[in-house]
Structures are given as structure tokens and as C-alpha cells.
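Chains as they are written, first to last, in our numbering: chain Z, 85 to 437; chain D, 85 to 437; chain G, 85 to 437; chain S, 85 to 437.
Note that the Cβ used here is the ideal one computed from N, Cα and C, for glycine as well.
What you are looking at is a predicted structure, and each value in this text was computed from that prediction instead of being measured.
Protein chains: 4
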Amino acid sequence: MPSSQLGIGIVGYGYWGPNLVRNFAGSPAARVVGVSDLDPGKLAVSNRLYPGIVTTQHYEELLKNPEIDAIAIATPVHTHYDLALAALRAGKHVLVEKPLAPSADLVCRLIDEADRRGLTLMVDHTFLYTPAVQKIRELLLKKELGDIYYYDSTRSSLGLFQKDINVIWDLAVHDISIIRYILDEEPIAVSATGSCHVAGSPENMAHITLFFANACVAHVSVNWLSPVKVRQTFIGGSKKMIVYDDLEPTEKIKVYDKGITLDAPSEDAHQFRIGYRAGDMWAPHIAPTEALQTEVEHFVECVRTGAQPISDGISSLQVIEVLEAASLSIAQRGAPIFLKRLRGIPERTRATA
Amino acid sequence: MPSSQLGIGIVGYGYWGPNLVRNFAGSPAARVVGVSDLDPGKLAVSNRLYPGIVTTQHYEELLKNPEIDAIAIATPVHTHYDLALAALRAGKHVLVEKPLAPSADLVCRLIDEADRRGLTLMVDHTFLYTPAVQKIRELLLKKELGDIYYYDSTRSSLGLFQKDINVIWDLAVHDISIIRYILDEEPIAVSATGSCHVAGSPENMAHITLFFANACVAHVSVNWLSPVKVRQTFIGGSKKMIVYDDLEPTEKIKVYDKGITLDAPSEDAHQFRIGYRAGDMWAPHIAPTEALQTEVEHFVECVRTGAQPISDGISSLQVIEVLEAASLSIAQRGAPIFLKRLRGIPERTRATA
Amino acid sequence: MPSSQLGIGIVGYGYWGPNLVRNFAGSPAARVVGVSDLDPGKLAVSNRLYPGIVTTQHYEELLKNPEIDAIAIATPVHTHYDLALAALRAGKHVLVEKPLAPSADLVCRLIDEADRRGLTLMVDHTFLYTPAVQKIRELLLKKELGDIYYYDSTRSSLGLFQKDINVIWDLAVHDISIIRYILDEEPIAVSATGSCHVAGSPENMAHITLFFANACVAHVSVNWLSPVKVRQTFIGGSKKMIVYDDLEPTEKIKVYDKGITLDAPSEDAHQFRIGYRAGDMWAPHIAPTEALQTEVEHFVECVRTGAQPISDGISSLQVIEVLEAASLSIAQRGAPIFLKRLRGIPERTRATA
Amino acid sequence: MPSSQLGIGIVGYGYWGPNLVRNFAGSPAARVVGVSDLDPGKLAVSNRLYPGIVTTQHYEELLKNPEIDAIAIATPVHTHYDLALAALRAGKHVLVEKPLAPSADLVCRLIDEADRRGLTLMVDHTFLYTPAVQKIRELLLKKELGDIYYYDSTRSSLGLFQKDINVIWDLAVHDISIIRYILDEEPIAVSATGSCHVAGSPENMAHITLFFANACVAHVSVNWLSPVKVRQTFIGGSKKMIVYDDLEPTEKIKVYDKGITLDAPSEDAHQFRIGYRAGDMWAPHIAPTEALQTEVEHFVECVRTGAQPISDGISSLQVIEVLEAASLSIAQRGAPIFLKRLRGIPERTRATA
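Below is the structure:
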């Protein structure tokens, strides 16, 4: 293999790890050097499929391996911080499965560490790299929808209950990162409610409202106990509206030329007159590209060029601050939690780097 | 016509009035005597279709008409209280489109008035009379779902914006009445968020969480600005789960034999072990009966026998107290509002009758 | 009522008759004068809903009634010919539920009779008047789809078995009339297979292929014994393709910018190189107009002006000749039946008028 | 690797070959020894993913390899016969992608060759190994549907146009093999129509009717030029009906307790009275097993034990005789083609072995 390929080590070969291996292996610019997992049975699977990849139960061996330039971490959330920190300290670039760390504080430390060492730190917010979300972002950037009124998403299915995080850290994290990516605005406050139906487990169902400075509002509904899988997002604008259904095989995005029209109020009237507009629907072609392929190539590119990844530490920090605020609100049955000026923190963080 | 038929007067011949006329006209036990509306154009439509029904622009004429035993009111919400009170005072039984009145206080006064006069007061919570909701209630009563974990509903479409009420008084009222009808428990608190995207209009989008004393939670999402119509409810239980889609032509209710199983924890463990169960799905046959037909016959029957209607004043009061709490919570960005002991109020109210 | 309204008599108040009454009643240019049915119970229903409409068990009374200008016939198929002929002979314009008569011969006689008397003869091919089919016709006329490759339709549901006609005369008649309306070409031959699963009943399931002089082909699948209702048509063209689902509440027509592209063959190659094109999908807004309303107004207009209706006798003749050929082919297990030059017949028929 | 594993060679690493490799590699009882393909680029992909598998441009090398016990063939149809024959002659067991060979005659020769040598010959009729088709077969064997009235299937999508076979050899082959597998009856005749919309290409759209000795009928509609993918089968019975939609993620099979009921005719009546029955719908749980995994394990098992595979040469012969009859009927615009007594041929064929 040519030395120009980026050497990759993958930590964790459970649910997500094999996808990382397959996509890095499919990228001409990268080469998977080693895989670590505590479970020898999982390593045996890797050995059978990829005899050329070194396997080990000790991730430290990956850190010591000079052929490995970057580490991709796909382990339980409570291990992310330690593993990522060790990898950065070993001089490796790092890609971490979402969420980056279980608290904003720990995320800040990882950002600091990466900045100080000039290493790439990227979070695996896979949905940002789907052709569907990229098309939505493009439509919003071009103001096709007019002013954005709302983002309303439902993300539910049966399982998998996780032990170390609740449903918002598992599922809502996707929507919060998408909202951040496609909207110009930062949320100013969060109200959330959640419930737990299994004694001793974290919340398995939650509803989160994000307030913005303008009239825009975002709502995210997540559920680990749904009888059917739902991945549906409605985005309403003053001119058009989008229905994004990630389970549709081809027509994932439908753009509706529907909405209300407002007649200018007459002098003595305080209300607009509302009319309804029902026009055509349009489903732009969405390429069937695998998001993770796009993402690993973006990671390799950022490592090579030093460019800031789309899903960098800062963006992850903003996502996690929303998740923390949501958790706080859940504990207070929906009481609104106001967010600190988010942009400020990472700037300061970076300034100290 | 035989005098044994209940004479009906309908106030308001706009959107809902014609449905009331058609269904009362289709009931052998009732006879539509008169229709009133302020708009002579609408009365002309009634005249063309039903030359035998008296029409008038003055609803007082219906109240004076001795052939009319009961008044059905299908006018804007802000007129409900005055029209219903006048009808009761004229000795007429009353059926009122939902919501019964714009505040719990006014509802209490109507309940008092009807009780004092021994007249039937019923609210047009049409969904309670659909075969689908009745089937769900039957399944829940038989404990088919086990313990109820959640009720999660989305009810949205494009329009119609109403001027005197917001979207929760228009759409969430359906779900709150269904929740009350199918669940044993009373909600203890409400958190709601809402937003308004048309200056000078009431909220057109809202999300409401109802907390109960047990682990059960209910969530209702309503939206007047949705590009597509959605009428979907998920009900999760410890044994089975329901998806109720009112837009499905025939399979409105699907019962999923899916869920989680909990292994008893070992002595030193504090957590249950969670397993997943994916079994068959079953869609019970739902008769294609029109709910409003069932409802008007129930109304006629209650008038005849003096029985308490399923959707009586008390049940309406409970619904409206939740709506009021939700409105209050919206104003405080989701802060929880605790409900008074609801059952208590109507009992006292009734006691004074 | 002003004398300028067209007086209408409806024969048959079973399944379709009430729809005719309601729509003629809703047309300002028409007035329903009388309704006849052999069943007094059905007439009682009419009396209750429309006290102003005369009812009778003897349809001859409608024919004698000078206030009646036109007769609409909604009775079993085997009675269509006699009833329509009698109405024409009584000088009434006639609208007949499809199919116009049980044989092409009888249809020719009705056309002759109407032509001779200068009366309007129209068949109730309702689907031609739906906004969806009219939109499809408009797209095809504008060559939006390029060359038409195929029309492939499925129309099935559970019931209603009819005693005097088989499933193709009940359901395929819709598609054959639509095909005739939207395509420029006349079919030249028919192959059909059908089967009967109830001893003593006519075919309840059939598949029909229509051959055209060019490469276009049409296929119609009909079934009275389907567990679910299907009303779906695919139309393929060289440039675009349509999926028309009549059960969709709003997006009945979807236009796909999909297809194959052909590279010109190189000199020594005899085959084109095929490429695939997957572009956007577009669902034009379809007005929610009721087809029967459009149709009765078209009928009234044709009576007034003497214009030829879209679904006139000639078009019905062409449809019925296809149905007859299909029945013949079914008896021969799919053997192709070549159609006579259809256009010729009606022209001769008309020439003799 | 233990010698007890069956050594596998795969010929063809285009569309289907990688799936064969992945599934044989995932089977503990098999080991993929070598892969051959004419295209070195495709071999490079195999090398990158599976460094331990030998690759070659010369399939003869696989035949000579003593570590290879069985050959799986996934090449264009016109090469199947020669490759399979060579493999059998080299003493290898053979699994061939469907259709086994381009004519019934050639299939007979392969059956003879395999029988003579006592080798396993199996065709890759993947759908027979899906949990959905196996569940349908189980329901039919248990007579859950009563008498089978019809099998009606649509299988369409955009592409892929194949050069050496038409759409029925590509797509209808699935349904014909399923019909053979789930029904007791053999078809007695075939009527088919087909059309070609690309000059110089084989038919890209076809409709096939299979007649049986009893009232049962089967219809298969296939299309390479459909704007959307459809994989839908309706199976009607006297007691229940099935809708099988292979694109549904979980509820692939829905069993409807719907149908008609026949009252015994009175003495002088020749017709039954038909009633309609609309009961519950039931979707049995379908395991998410990959069909190809089940299939390769069945192949390995048959090689080991000498058992006859479900999709053996004989069953393939019966499928191909139907395909040949359909092609003949298409050339005659639907004229029915009667099938020889199919069961007879293979018995004789085998007898001579």
C-alpha cells in the first residue's frame, strides 16, 4: 500500500465499528491498519472478513502503532472521553461516534487538546453527510422556503435501550446537530419533557422544544419504545414546506408549494387576512450515496488539509449544550432552560489554545 | 311526522352545521325543524336541499319554536356560551360543538344551568363516537396493552386558522377528550410550548405534555401550518402497542405485539435486563360507521332517558381545564402547570344544583 | 324556480342515483323534478331528504312529465337500452350510467335514435371528468411524457359482484374510456384472460392487453376479489412517466423525470447503449373538484348548446367494442381479437342520421 | 481452516457475485477459496476486501483447484450452461444464478450431467429462501386461505435492461418459481403479452397468465421501465387473502380475513347468493433473515448429505418451460400455449441417469 494513504485504527467492533471499517476500507485515500475490541469473538469476525487488518484487545496498541495516523472510536459513550483524549495525546487525529463526550465540560477539554496539538477532532454526526440533509441545507441557504417557521421531527423505533445515556443523547442528538447545520439561528432556550418506563433505566421517551430569538421553533420527539420506526421531519417556511422522511427509499424530501398568504391589513384592522395556497409538490432527486462514505472521506480530507470539519468539536459542543439543557428541563417537567451564549465559549476555548 | 320524534333546531349552517342537519335528518328518532344562520346565502343552500326545514336569521325564533326540543350549536367558539345559555333557559336540551365554552368558568355555569333545569347538555366531541376510538377504549379496558406507558399524537394540516381560538382549542381538544375517555388516570400537570407565525394571530402550532401520577405520559402535537394532513396516534403499553391512523381508509388501528421484556434483576444488580419482543401485528376490523350518526343518536337517547352523555358537561370541563393549563404553560415557555383536583370541582358544582 | 333551469328526472335511486340527484340539485342550471325507483323504501329516503322532488315507482311518469327535459339513468345494465330508448323516444335528452348498453349493436341503435331526434346522448364515464384524468390528458397533449410507451392500470377491491355483467364491464370500462380519452391511438387488437371463482357468476377477475399500431401497449387488471382497494395507473413515456393513484387524497398524480436514454449506436453496433436517468419527481396540484359535478354541468351545457359531449355515444361505442373483444378473447384463453376499424362505424352511423 | 469446510469458488464478481462471497464467507461450514472474473478491476475490489481469497481471470483455474468442492456461478445468462457443464465435468457441485440456462433443453442436459455424476445442482431462486415466501408456503400448506383462487404479482422497476434475456427471464422467473413452490398445482397453459420500447432490445414489459386445471389462475406483471419499484403479490383464497409486499421493511405479509360467502342456492335458483365478509387483518412476524444466507447454507447442507435442493434442476426446468411458453405466446400476441406434462420429463430424464 502506498504511504500516501491515511492509516486508520478503529476502536470498538460492535454495532457501528464494522461500518467504519467497511467505509474506510472503501476509501482509496485511507487504509485500515488495526481494529481493537475487548471481545475476542468480535475480533474473530473482523479476522475472517479482513485477514489483512491487525486486531487486538488492547487499544493502546493502536495508539503505539506508527502506521496509524488517525483513530476512529465506536465504543459506549462513557468511554469516549478517555479514549479520545488518549488518542490525541498519542498524536493521532480522532473521529468519535456521537455524542463526542457525556458533558460539555469534557468536550471543551477535548477541543482544547486537539487545538493545542493541531490535530483534527471530528464527531460522527452521520446525518449531516446524507445527501438528503445536504439538499435541505442547500434549499434553506437559497431561501427556497422563505422564512423558516419551524423544524418538527419524530425519531422513534423499538430499542436499543442504552445503559449509559438516555434517549435524547442517543436519538435527539441527530436532530440537534441537523438543526444547527441547516438553520442560521442559535437556540436561546430549551423546554423538554421525558419519561422512563423501565425502572432503573434512563428516559426512553422525550419531547424537546428549542426556542430561537425569532419566531422559529424546533421540536424533536424521540422514543425507544415505538412499535414502528419513524424518521420524519417537517420544516415549515413562509413560502414552502418540506417533509423529509428518511425511511422513504427514494423520495426522501418532498417540497410543498403550500402555505398561507397574508393580505395587508386595512387601516383600521389589526389582523391580516389569511388565505391558503395549495400548489405543486416537488421531490428533488437524491443521490443514493452512503453518508458514512462521504463522511470518512471528509475526515481524511480535513486531516490532510487541516480544514475544520463540518462536524468539528465546536459544533459538537453546541449540540451537547442543548442536550444538557434538555436533560435539566426534563428534571423540571418542562421548565425552560436558557442557554448561555454558545458561540462565546468555544471562541474563548480556542483563544486559549 | 310523528310527535315521538325529537324536534331539533340547528344554529349555524357553516362548516359543521350541514353535517349536523344531515345526521339528525338521517335519524328516525329525530326531526330537524329549523336552521338559523346570520348569512342568508347559507340559508338558501339549506332551503334548496331541505325545503321542509324552516330557516331564519334569528336564532331566537328557534328558541321560541315549541316543536323544537333540542338545539345543536355549530357557531364560532366565542358565541357558544351565550347561545347555549339562552337555549337552556328556553328549556331546550343542548348539543354544542367543541369546545363547549372558551373558559372553564363559563363551562361550570352551563353545567349548573343544565343541572338545575334537568336538561341534557352534551358537547360534540365527535372522535369519542368513532368506531376506532371506541375499539381502542375497549382494548384498553380489557388490559390488552398491559400498563399504559404513553399516548403520543400528532394532528396537523394546512389551516383553517381560526380567529377566536388557537390551535390547541381547535385540534388538541380532540386528543385531550380522547385521552380522558380511554385512560383511567387524570393528568396532574401540563407543560406546553407553542408558537405563532402570523403576527396578530393566535398560536398555530403547539406541543403539549400531560403528566400523570403514574409513569404514563401523554403528548399532543398540533399544527395548522403542516404541508400534509396527519392524524396519527401511538399508544404504548407494557404488553402491546397501538398505532391509530385516522386517515387510513380501513386499517385505522394496528395492534403490535411488540415491546420489551424485563428479566428480574439478580440480587446485586440494580438494573433489569432488557429484551426485545417482535411479534405479529393485528388490525381489528373497524366498522365504517359515521361517528356523527352514532353521536346524534346518543344525544337523542340521552334526552329521552335522562342518561348522562359520554361527552357531558363534566367531561368537557376536564378537557377545558387542561386546555387552559396548556395555554398558561405556553405563555411561560413550557413551565409546568399543576392541575387542580378536577373531579372535585364538578362534584361540588353538581352538589349545588 | 326559473324555467331556464333544465328539468331532470332520475331513474334508479340505488347506489349511484343519490349522487346524481345531489349533483344535479347542486347545479344552478338544473332542477331535479322527479325520481323513480321500483323500491318504495328507496323513494322514502328521497322524500325525507328532498321533499320537493316528485317520486314514483313508474319511470314512464317521468317520461310524460313536461317539466322534465332530460333523463339520467342509474339502473342495472341490462335495463339501460330499453330505458334510454324510451326516454329518447319521449324526446328527452339522456345521461346513462356506464356502460351505455350491453352490446355494441344496441349502442349503435341508441346513437342512431339520438342523432335522428337531435337529442343529447351522454354516458356517465365519470373518470373522464376527474381533475386527475384531465390533468393527465393535458400533460399528454403537451407531449410532456414524450412518446407513450404504455398505460398499465390496476383497479380492484372486494365486491360488488354484479349479476348481469362481469368485472370488465364494471371496472375495466373505466380504464378503456380513459385510454381512449388520453391517447391519440386506437387499439387494433385485444388479448384478455379472465377467471370466475364463484360457480354460476360471471368473471370476477381479468387482465386485458390492448395492442396499438405503434409500440404503445395498454394493460388493465381488474378484480372484484381483492383484499384491498387499488386504483393505480402507471403511464410510461420516452421522456417522463406518471404514477396516478386515485386513492391518494391529494397527490394523485406523480410525474417522474425518470427513464432510459439511448446513445446512438456506433457504425458496427446494432444495439443502442442504454443509460438510466433518475431525476426529480413532481406532483401537480389537483383541484378537489367532484367529477360528477363537472360532469352534470357538462351534460347540461351540451343539452343547451347542442355540443357533442366528451363521453358521447360514439366514444361509448368504441369502449364497448373493446369490452366485447376482451370478452371474446377471455373465452379463448387470451387469443388475440382484432378490432374492426372503429372510427368507421360511428361515422357511417352518423352519416345516416 | 479445518478441512471440514466446503471449499467454494465463485465465477463472476459483478452485481451478484459479491453477495455470494459475503454469504459463503459468513457461513461457518464453507470457505471461499477463489473468485474469477474477466475484469481485473473487479478482482482488485475482491482483493482489497478479502486478501485471503485467490483471484483469477481464468475460471478454469478454479475448476482445477482441489481445494474447491463447489462452484457458484454469477455471470451473464448466456454463459451459464457452458460454465455449469464445465464445473460438473470437473467434479464440482454447482450453484447457478437464475435462470439456470437459456433453454429447457440445456437445463435437461445439466440435470443429466449432475445426476450421472452424483453432484448437487442447484439454482439460485433466492426468493424461495426468504422468510416471507416460506411463511406464505406454510400458510398455504395449512390451508389457511382455503382454496386458492389466484396469485397476482407485479414486479417492476427502472432497469436493468439486459442484453441476452428479456424481462420475463429476468423478473418473472422469480414469480414462476414462487408459484411452483407454494401451489400444489402445475400450470396447464400460458398466455402472455409483451412489448419492447427500445429498438433492438428484448421485451422490457410483459404480462403473463398461467392457467391451471382448477379455477386457480396466476398472473405476473413485469416491467423494466417503471418509474417506481413495485414488488407486490396478491393471493386470494376462499377463506382468506394475502398481500405480500416485499418492499415493506417489516410487515411484508398481511393476511386479510376478507372474502365472499356463498349461501347455498335454493332449489329452483341456479345462482349462489353472494355475501361479503370483512374481518381483521393480521401480519405475522417475519424474521429479518437474509435469504441468501439461508440459501447458501441449504446448498452446503445438500452437498454434504446428498439431499435434493428445494431449487434443484427439476424445479428449474419446470420454471423454464413456463418461460419458454410465455415467450412463444408473446410472439403470438397472447395466444395460449399448452404445456407438456412437465413432471413426466424430468422423471424420464432422471430415470436415464
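Other residues of its chain near residue i: CB distance less than 6 Å, five sequence neighbours each side excluded
i                 : result
Ile263 of chain D : Tyr235 and Ala302
Pro430 of chain D : Unreliable placement is indicated for Pro430 of chain D, whose pLDDT of 43 sits below 50; the coordinate value is still reported in the next sentence. Result list for Pro430 of chain D: Ile398 and Leu401, in chain order.
Ser241 of chain S : Ser310 and Lys313
Gly359 of chain Z : Thr345
Residue-level contact to chain D via CB, residue i, 8 Å cutoff
i                 : result
Asp364 of chain S : yes
Leu242 of chain G : no
Ala391 of chain G : no
Ala371 of chain G : no
Gly136 of chain G : yes
His354 of chain Z : Confidence at His354 of chain Z is low in this model, with a pLDDT of 49, below 50, so its placement is unreliable and no value can be given for it.
Tyr213 of chain Z : no
Ala109 of chain G : yes
His177 of chain Z : no
Chain G contact for residue i (CB, 8 Å cutoff)
i                 : result
Ala367 of chain Z : yes
Leu412 of chain D : no
Gly91 of chain S  : no
Arg239 of chain D : no
Leu133 of chain D : yes
Ala256 of chain S : no
Three-state class that DSSP yields for residue i in the structure shown
i                 : result
Thr139 of chain D : strand
Pro124 of chain D : helix
Phe383 of chain Z : helix
His303 of chain G : strand
His274 of chain S : Checking the sequence, you will find Val at residue 274 of chain S rather than His. Residue state, collapsed to three classes: strand.
His209 of chain G : coil
His177 of chain G : strand
Lys323 of chain G : coil
Sequence-distant residues of its chain with Cβ nearer than 8 Å to residue i (five each side left out)
i                 : result
Leu423 of chain Z : Glu270, Pro271, Ile272, Ala273, Val274, Glu405, Val406 and Ala409
Gly175 of chain Z : Arg201 and Leu203
Asn149 of chain G : Gly91, Gly93, Val117, Gly118 and Val138
Pro186 of chain G : Val161, His162, His164, Tyr165, Asp248, Ile249 and Trp253
Any C-beta of chain Z under 8 Å from that of residue i
i                 : result
Gly118 of chain S : no
His162 of chain D : no
Lys342 of chain D : yes
Pro271 of chain D : no
Min CB distance residue i to chain S below 8 Å
i                 : result
Glu335 of chain D : yes
Arg315 of chain Z : no
Residues near residue i by beta carbon distance below 7 Å, same chain, minus five either side
i                 : result
Thr210 of chain Z : Ala375, Leu376 and Glu379
Lys342 of chain Z : Met325, Arg361, Ala362 and Gly363
Ala73 of chain D  : Outside the modelled stretch of chain D, which goes from 85 to 437, sits residue 73 of chain D, for which no answer is possible.
Ala297 of chain Z : Glu269 and Ile272
ask   = Between the region 194-213 of chain S and the region 379-395 of chain S, do at least 3 Cβ pairs fall closer than 8 Å?
value = For the pair of segments examined, the region 194-213 of chain S was found to touch the region 379-395 of chain S: the number of CB pairs separated by less than 8 Å reaches three.
ask   = Do the region 154-164 of chain D and the region 86-100 of chain D touch if we need at least three Cβ pairs shorter than 8 Å?
value = At 8 Å Cβ cutoff, the stretches touch.
query = Is there contact here, the region 229-248 of chain D with the region 298-316 of chain Z, by at least three beta-carbon pairs under 8 Å?
reply = A contact exists between the region 229-248 of chain D and the region 298-316 of chain Z.
inquiry  = Could you check whether the region 244-261 of chain Z touches the region 279-287 of chain Z, counting it as contact only if at least three pairs of C-beta atoms, one from each stretch, sit closer than 8 Å?
reply    = Because the criterion of three Cβ pairs below 8 Å is met, the region 244-261 of chain Z and the region 279-287 of chain Z touch.
ask   = For the region 286-301 of chain D, which residues have a beta carbon sitting closer than 7 Å to at least one beta carbon of chain Z?
value = Considering only beta carbons, the part of the region 286-301 of chain D lying closer than 7 Å to chain Z consists of Met289, His291, Thr293, Phe295, Ala299 and Val301, in chain order.
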